[in-house]
Structure formats: structure tokens, C-alpha cells
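Read in order, the letters of the sequence shown are residues 123 to 394 in the numbering used here. Presented below is the structure to which this report refers.
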Amino acid sequence: MAHRVVGCSESALQQLSAVDLNAFLSTGFRAADPTLQDHCVAVMRGLGAADAQFMQDVFLWRNFFAHMTLRGEKGFYVDSGANEPRNISNTFFFDRCLGWPGLCVEPNEEYHAAIATQRSCTLIKECITAKPSRLHMQLKAGLSKVTRNKRAKPVHCNPLESMLHRAPGWTGQVSLWSLDVEGHEMVVLNGTRFDITPTDVLLVEDNNIASRPLDRLMAQKGFLKAAQLPIDSVYVARRRDVCWPESYWEIPEEAIRWEKQSRHDAKKKYFW
Numbered sequence: 123m124a125h126r127v128v129g130c131s132e133s134a135l136q137q138l139s140a141v142d143l144n145a146f147l148s149t150g151f152r153a154a155d156p157t158l159q160d161h162c163v164a165v166m167r168g169l170g171a172a173d174a175q176f177m178q179d180v181f182l183w184r185n186f187f188a189h190m191t192l193r194g195e196k197g198f199y200v201d202s203g204a205n206e207p208r209n210i211s212n213t214f215f216f217d218r219c220l221g222w223p224g225l226c227v228e229p230n231e232e233y234h235a236a237i238a239t240q241r242s243c244t245l246i247k248e249c250i251t252a253k254p255s256r257l258h259m260q261l262k263a264g265l266s267k268v269t270r271n272k273r274a275k276p277v278h279c280n281p282l283e284s285m286l287h288r289a290p291g292w293t294g295q296v297s298l299w300s301l302d303v304e305g306h307e308m309v310v311l312n313g314t315r316f317d318i319t320p321t322d323v324l325l326v327e328d329n330n331i332a333s334r335p336l337d338r339l340m341a342q343k344g345f346l347k348a349a350q351l352p353i354d355s356v357y358v359a360r361r362r363d364v365c366w367p368e369s370y371w372e373i374p375e376e377a378i379r380w381e382k383q384s385r386h387d388a389k390k391k392y393f394w
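And the structure:
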């Protein structure tokens with residue numbers, strides 16, 4: 123049994139210690155996809171094998187969701203936009219290693235066949251936005267985005283709540299939502315009804331938006347900012363029981379990645 127910090131409830135989101143991780147893996151962890159067993163164990167140990175670009179997946183699992191896995195529980199994830207099924211995916215680990223059901227939102231048809239064959243998520247072939255609409259999108263590998271250019275491809279778009287009702291595995295709660303829509307994040311979040319779609323943890327790419335307006339909006343929506351990662355902000359719902367650690371588990375290379383991202387940011391202009 124994993125050790126809990128004194129005062130933490132069994133169901134609280136909480137960090138997993140190295141001792142508890144080793145004990146868990148020694149008892150016979152089995153990946154949802156048996157062909158990925160060794161890969162999944164390496165990800166859990168933080169050995170540089172993660173699928174996410176900056177190991178966001180293992181950061182989230184080790185600091186918030188690992189105790190769910192130890193209890194034999196599965197969460198539900200949302201990935202928007204999903205892009206490739208595995209390469210730099212924030213949710214591949216939760217899907218193929220942990221067996222979580224999920225929702226993958228991806229308007230670019232270039233990725234649809236691969237997502238359908240390599241992931242278990244319900245695939246929504248639309249873009250995510252604040253209300254049902256038809257928007258124009260510049261569809262580009264890994265960088266698809268909403269645009270005002272009327273010559274771009276028109277795409278059907280919907281808010282999260284309407285998409286979730288099409289996901290058989292959704293039971294009314296989102297454990298993890300990864301939001302990466304190349305600058306459209308503020309529009310999406312501003313229009314999201316979190317009373318209808320309660321969400322525990324939100325990973326928002328803030329590489330193309332200013333973080334201060336994002337932090338303010340998320341506070342108004344009932345979230346606390348839990349961490350700032352190189353290209354993402356992590357938010358946790360205030361209503362959620364969390365056992366906050368003295369410091370987060372991070373990979374040893376995190377400082378190096380921060381330095382690289384800081385140099386990149388210095389050359390950019392942000393918008394919201």
C-alpha cells in the first residue's frame with residue numbers, strides 16, 4: 123500500500139514517492155497495451171522515454187494521478203487538439219499505458235486514421251471553441267489554428283460539453299484535459315461550462331498566449347495555478363481534494379529545458 127501524507131484523504135490528488143513507485147512496479151504493473159510494457163515502466167520512472175514533448179505526461183502522473191493507478195482506478199482524459207496519436211502527445215501514456223478512456227479532438231483529417239488505429243479515445247473530427255459554429259482553420263501538421271482568413275478551410279466547431287456527450291467512456295467527470303489549440307485557448311476556456319463538465323486538472327499550452335490573462339480567467343473559472351512548465355500552465359480545480367507536495371517531482375533535465383524555452387520566448391510576441 124502506498125504511503126499517504128498525514129492528513130491526506132485516500133482519494134486526494136497527490137504525489138508519488140520513489141519508494142512507493144518502486145513498490146508498485148515490483149508488484150506487477152501491467153500496461154493496457156502489453157507491447158508497450160517496458161516503455162510505460164520507463165515513463166513512470168522518468169527515464170527520458172516519455173511521449174510528451176517536455177514530459178508533461180509523467181509530470182502530471184507522478185505529481186497528481188499516480189495514486190489513482192495504485193488504487194486500480196482509471197480517470198478520463200480530453201486531448202484537444204490531439205494531432206499525432208503518439209509523437210509529442212500529452213495523453214498517449216494515459217491511454218495506452220494506463221488504459222484511461224478519453225476524448226480526442228482533432229479537425230485535421232491527416233491524423234484521423236492514425237488516431238483511430240493507435241488510440242482508444244473517441245475521436246471528434248471537429249475543432250473546439252466556445253459555441254457551435256463554423257470557423258476557418260489553417261490546417262498544418264502540428265500547428266493547425268483558427269484564422270480569420272476566409273480562404274482557409276471551414277471546419278465545424280463545438281464546445282467541450284457537446285463533444286463529451288458523444289464519448290461512451292465519459293461518466294460526467296474529466297480527470298485531465300490537455301488543451302493545445304495554437305492561440306485559441308482563451309476563447310475555448312472562456313466559453314467552457316465547468317459546472318457541466320467538471321474537470322480536475324487542466325494542462326494549457328501557453329506558448330502562444332500571455333499567461334497573466336490566462337491565470338486570471340482560470341481563477342474566475344474556479345481553478346488554482348498549480349505549476350508553470352516550459353510551455354504549459356497546470357491548473358487544478360479548487361473543489362478538488364489535493365495533497366500539495368513541498369516540491370514537485372521533476373526530471374533532472376527540467377532546468378535545461380527551461381533555459382532553452384526562455385531563449386525561445388525572448389524572440390516571440392504574445393497575443394490573447
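No residue lacks a Cβ here, since even glycine has one placed at the ideal position from N, Cα and C. Quick caveat: nothing in here was measured; it's all calculated off a predicted structure.
The secondary-structure analysis by DSSP pairs His-278 across a beta bridge with Arg-256. Residue state for Ser-131 is assigned as coil, using DSSP reduced to three classes. Relative to the Cα of Asn-330, the nearest Cα in the group Pro-352, Ile-318, Gln-342 belongs to Pro-352.
Inter-residue distance for His-234 and Glu-228 is about 8 Å (C-alpha atoms, whole angstroms). Its Cα nearest to that of Leu-257, the residue Lys-275 stands out among Cys-243, Lys-275, Cys-365. Taking all protein chains in view, the Cβ of Gln-137 is crowded by 16 or more other Cβ atoms within 10 Å, so the residue is classified as buried.
For Thr-244, the closest C-alpha among the options Ala-289, Asp-217, His-278 is that of Ala-289.
A check of alpha carbon separations from Glu-304 across Gln-240, Thr-319, Val-326 identifies Val-326 as the nearest. For Arg-362, the CB contacts under 7 Å within the same chain, skipping 5 residues up- and downstream, are Leu-135, Asp-322 in chain order. Arg-273 and Ala-171 have their C-alpha atoms spaced approximately 40 Å apart. Judged by DSSP in its simplified three-state form, Cys-226 adopts strand.
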